[in-house]
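Have a look at the structure below before the remarks.
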Amino acid sequence: MVDLALEGINVLDFSQGISGPYCTKLMSDLGAKIIKVERPDGGDVSRSMGPFLEDNPNLEKSGSFLALNSNKFGITLNLRTETARKIARQLIVWSDIIVESFRPGVMESFSLDWVHAQQLKPELVYTSISNFGQSGPYRNYRSSEIIAYAMGGEMYSTGLEELEPLKLGGTVSLFQAGSIAAIATLGALFVSRDQNVGQQVDISIMEALIANQDRRAPGLLAYQYTGEVTNRLP
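Per this note's numbering, residue 47 is the first one in the sequence shown, and the count goes up by one each step.
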C-alpha cells in the first residue's frame, strides 16, 4: 500500500468544537496520527451537538462529534492537575504538531503554551485557533459563529438585497476557519522540517472569514478596483 501524505506525523489535539477538530480531521485523513485530549467532565462540546444516532442525545452518539473526530485516538486529561500536565508534556515531546483552541492565555496558565512547548520540542509546530487571534484589542472577546460571520464581512453579501443580511446555514464559517488552519499548519510543518526550527501558527476565525474566497475577498477586490459595492446574492 502507498503511504499517505502525512504518514509518520504525530499531532496532539487540544481543540474542541468545530474549527480545531476539523483542522486535525483533515490531517488524520491524510495519514497523521492524532491524539485528541478531552476534559473528563463531558469532553468536547461537539458531543452535545446533533444529529444523534436514533435521536438519542448521548455523548457517545453525536454525529457531529464522530464526523469531526474520526481516525483519532482519544484520552481525557484534567489540565488543572499537575499529573495531567506532566502527561501532556510527555505527549508534547512525542508530537510534531499541536493544535489548540482555548481562549488566549488558557494554555499559558497551564504552562503548555507555545513558549513552554517549544522548550520541550524546539522544532514543534504549534497552532492556536481562537475567535480573534492571540493578540490585538479583541483578543479576549467572546464570540459565536454568527458574530464571526458578520464581523468577517461575509454576511453583507448573503441574503436578499432589500432585506437584512443573512448568514449561510449551519456552521460553514467554522469549517472554513478549520480548513485554513490545516493549510497554515502544514505549511509551517514544511518549514519546520526544512529548516529544523519551530513554528507558531495563530489563526483568527474572524480574520479567516475576511480573507474567504466565497464572496468576501472577490467583493473586496472588485471594490478596490471599481469603487462599486457588490450586490447581495441570495
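Even for Gly, the Cβ is constructed at its ideal location relative to N, Cα and C. Only a predicted model underlies this, so the values are computations on that prediction, with no experimental measurement involved.
In this structure Pro150 is buried. Its beta-carbon is surrounded by 16 or more other beta-carbon atoms within 10 angstroms.
Between Gly66 and Val145, the beta carbon gap of about 5 angstroms places them in contact (Cβ cut-off 8 angstroms).
Note that the C-beta distance between Leu166 and Arg135 is below 9 angstroms.
The beta-carbon distance between Glu84 and Gly120, rounded to whole angstroms, is 6 angstroms. This is short enough to meet the 8 angstroms contact definition. Residue state for Ser176 is assigned as strand, using DSSP reduced to three classes. Counting along the chain, the unbroken alpha helix (DSSP H) around Val152 starts and ends at 152-155. Inclusion of Ala254 and Ile226 in the CB contact set at 9 angstroms is warranted, their separation being smaller than that value. Counting only runs of 3 or more residues that sit fully inside the region 208-258, the beta strand (DSSP E) segments are 245-250, in chain order. Here Leu235 is buried. Its C-beta has 16 or more other C-beta atoms within 10 Å.
Secondary structure of Phe98 (DSSP, three-state): strand.
In terms of Cβ geometry, Phe156 and Arg188 do not form a close pair [threshold 9 angstroms]. By the Cβ neighbour-count rule, Thr231 is buried, with 16 or more other Cβ atoms within 10 Å of its own. Between Ile64 and Leu114 the beta-carbon gap is near 7 angstroms, inside 8 angstroms, which marks them as a contact. Nearest to Phe60 by alpha-carbon distance, out of Gly77, Ser108, Thr173, Asp101, is Thr173.
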